[in-house]
Amino acid sequence: AQSVTQLDSQVPVFEEAPVELRCNYSSSVSVYLFWYVQYPNQGLQLLLKYLSGSTLVKGINGFEAEFNKSQTSFHLRKPSVHISDTAEYFCAVSVAFGNEKLTFGTGTRLTIIP
Amino acid sequence: DSGVTQTPKHLITATGQRVTLRCSPRSGDLSVYWYQQSLDQGLQFLIQYYNGEERAKGNILERFSAQQFPDLHSELNLSSLELGDSALYFCASSDSLGSGGIADTQYFGPGTRLTVL
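Line by line, the protein sequences give chains A and B. No gaps in the numbering here: position 38 of the first sequence is 938 in the working numbering, and each next residue is one more. No gaps in the numbering here: position 116 of the second sequence is 187 in the working numbering, and each next residue is one more.
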């Protein structure tokens, strides 16, 4: 079975500073990796996903993530954050090439400090 | 607005009762997914339907069931409700450009907040 660990439950960052949200996964087979964002009182929105190919994945709202197979990581980064980035961020994993469930991490609450 | 609609937005009921949550996917999406988000369990995948058939199953209790109808809307039925079933229930649908598998982008609805008293 696969699992996801989000190492930080809360990350405070000053506005316009860079941010990295960490995600590590565990799986014995190839995986797909996802980052979702949940704004207050809303559903989840896909930020980006890694299926195959280039390990650097660019998503919406200026976010990007890098798949590192040797370190089993898929950290999310943004070079300069804005107040509007305040939200909960979820990393998720699924088995590649199968109709498997999405397994989510526990989430990281990103708080932007003006 | 993701295009996925869920009703009702809020639901308050008592232990032992049965409720039905409804989801209408985006136009043309064949896959519907159900998720439960609670403080205790986090965000968990429950079940997926693709064009009316069950496609993948997650941590769904036997007291819960779901179906997808010919018009592609889906219902999640929760019975013999317990206090621990209080949660936010999300529905998502995936774009029909892919195979209907997990790699397709999932679009989430706003959720139904269930409170069991």
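Using N, Cα and C, we set each Cβ at its ideal position, and we do this for glycine too. This one's a predicted model, so the numbers in the text were calculated from it and none came from an experiment.
Would you say B:P79 faces chain A, with C-beta separation under 7 angstroms as the test? Not closer than 7 angstroms to any Cβ of chain A, the Cβ of B:P79 fails to qualify, so no.
Per-residue DSSP class, three states only, for B:S165: Per DSSP, reduced to three states, the secondary structure at B:S165 is strand.
Within 7 angstroms of any Cβ in chain B, is that where the Cβ of A:K875 sits? Coverage of chain A is limited to positions 901 through 1014, which leaves residue 875 of chain A absent and any answer about it impossible.
Count the other C-beta atoms from every protein chain shown that fall within 10 angstroms of the C-beta of A:A917, then say buried if there are 16 or more, exposed otherwise. Exposed is the call here.
Going by DSSP, what residues sit across from B:K80 in a beta bridge? Partner(s): none; B:K80 has no beta bridge.
Which residues in chain A sit within 9 angstroms of B:Q88, going by Cβ to Cβ distance? The contacting residues do not exist; B:Q88 stays about 25 angstroms from chain A at best.
For B:D111, count neighbouring C-beta atoms within 10 Å of its own C-beta (all shown protein chains included) and say buried if the count is 16 or more, exposed if not. B:D111 comes out exposed.
State the Cα-Cα distance for the pair B:V103 and A:P912, rounded to the nearest angstrom. Approximately 35 angstroms, taken between the alpha carbons.
Is the separation between the beta-carbon of A:V937 and that of A:Q945 shorter than 7 angstroms? With contacts defined as CB atoms closer than 7 angstroms, A:V937 and A:Q945 qualify as a contacting pair.
Less than 7 angstroms between C-beta atoms, sequence neighbours within five positions excluded: which residues of the same chain meet that for A:Y939? Taking A:Y939 as the centre and dropping the five residues before and after it, the same chain places the C-beta of A987 closer than 7 angstroms to its C-beta, in chain order.
If you measure from the beta carbon of B:L168 to each beta carbon in chain A, is any gap under 7 angstroms? A caution first: B:L168 carries a pLDDT of 48, below 50, which makes its placement in the model too unreliable to give a value.
On the CB-based measure, 16 or more other CB atoms within 10 Å of its CB, does B:F135 come out buried or exposed? By the neighbour-count criterion, in which 16 or more other beta carbons inside 10 Å mark a residue as buried, B:F135 falls on the buried side.
A:F963 versus A:L948 - alpha carbon distance: Roughly 8 angstroms separates the two Cα atoms.
First through last residue of the beta strand (DSSP E) which encompasses B:T186: For B:T186, the enclosing beta strand (DSSP E) has its first and last residue at T183 to V187.
Please classify A:K978 as buried or exposed, where buried requires at least 16 other C-beta atoms within 10 Å of its C-beta. The residue in question, A:K978, is buried, as its Cβ has 16 or more Cβ neighbours within 10 Å.
For B:I131, the three-state DSSP class (helix, strand or coil): Looking at B:I131 - three-state DSSP - the assignment turns out to be coil, as it is neither helix nor strand.
So is A:L948 in contact with chain B if we call contact Cβ pairs under 7 angstroms? Answer no: the Cβ-Cβ gap between A:L948 and chain B never drops below 7 angstroms.
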